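Residue numbers (this note's numbering): -11 to 145.
Using N, Cα and C, we set each Cβ at its ideal position, and we do this for glycine too.
Since this is a predicted model, take the numbers as computed values, not measurements.
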Amino acid sequence: MLDYDLADLYRVPTKRLNEQVKRNLKRFPEDFMFSLTKQEILRMSQFATSSSGESLDKLKYHKNINAFTEQGVAMLSSVLNSEKATEVNIMIVRAFVRLRQVLSANKDLTYLFKELKHKVDRHDVEIGLIIQTIEKMIALEKKPRPKIGFVIKKPVK
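Now the structure itself:
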């Protein structure tokens, strides 16, 4: 999540949120928080708006935007020591957990669909072989068969 979206949720200015992060930088290693590059900010501003409705076009001029991982969001509650920060953190962590559940369920569905496709593909091959065999049997039936048995010749007079 981006710093300005989190600041909006926590109802604090983005500047204050980032000040608290800078004061507690040891609590935010690279896997908790990272800064977006100028290129990433420009790429985002071309097609998106923030959750607060602020146009990301304005963000082209920002020098630094921080992005927080799930762990970073959890750590923010310890540096933004307020009742609102605690409430928001609980909601965000629950959202991350739900997102993980949804992604996990989709992985299971993907696996099941792959299995089903494999079975259908195998059945298609087997059905194709059955059809070929039936076609061969039909072709054999159409050929005239030689008569079986004795032929009685008429006596010559």
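Asked: Can you check whether the CB of Ser92 is closer than 9 Å to the CB of Asn52?; Found: no
Asked: If we ignore side chains and look at the alpha-carbon of each, how far apart do Ser66 and Gln27 end up?; Found: 31 Å
Asked: For Asn77, which three-state DSSP category applies?; Found: helix
Asked: Does the beta-carbon distance from Thr57 to Met32 come in below 9 Å?; Found: no
Asked: As a quick exercise: from Gly137, Ile136 and Ile122, pick the residue whose alpha carbon is nearest that of Lys130.; Found: Ile122
Asked: Report the CB separation of Val9 from Asn69 in whole angstroms; it is logged as a contact under 8 Å.; Found: About 13 Å; that fails the 8 Å criterion.
Asked: Are Leu213 and Leu5 touching if we call contact CB-CB under 9 Å?; Found: The first residue shown for the chain is -11 and the last is 145, placing residue 213 beyond what the model contains.
Asked: For Leu(-10), which residues does DSSP report across the bridge?; Found: Ala55
Asked: Within the continuous alpha helix (DSSP H) that includes Lys14, where are the two ends?; Found: Looking at the DSSP string, Lys14 is not in any alpha helix (DSSP H), and its letter there is neither H nor E.
Asked: Can you look up Phe22 in the DSSP assignment and give me helix, strand or coil?; Found: strand
Asked: Give the straight-line distance between the Cα atoms of Leu104 and Val113, rounded to the nearest whole angstrom.; Found: 14 Å
Asked: Taking only three categories from DSSP, how would you classify Val61?; Found: helix
Asked: If we ignore side chains and look at the alpha-carbon of each, how far apart do Tyr(-2) and Ala83 end up?; Found: 15 Å
Asked: Determine the burial state of Gly60: buried for a count of at least 16 other Cβ atoms within 10 Å of its Cβ, exposed for fewer.; Found: buried
Asked: Whole angstroms is fine: what's the gap from Val11's alpha carbon to Pro17's?; Found: For the sequence presented, residue 11 should be read as Arg rather than Val. Using only the alpha carbons, I get a separation of about 13 Å.
Asked: How long is the line joining the alpha carbons of Leu128 and Leu97, rounded to whole angstroms?; Found: 46 Å
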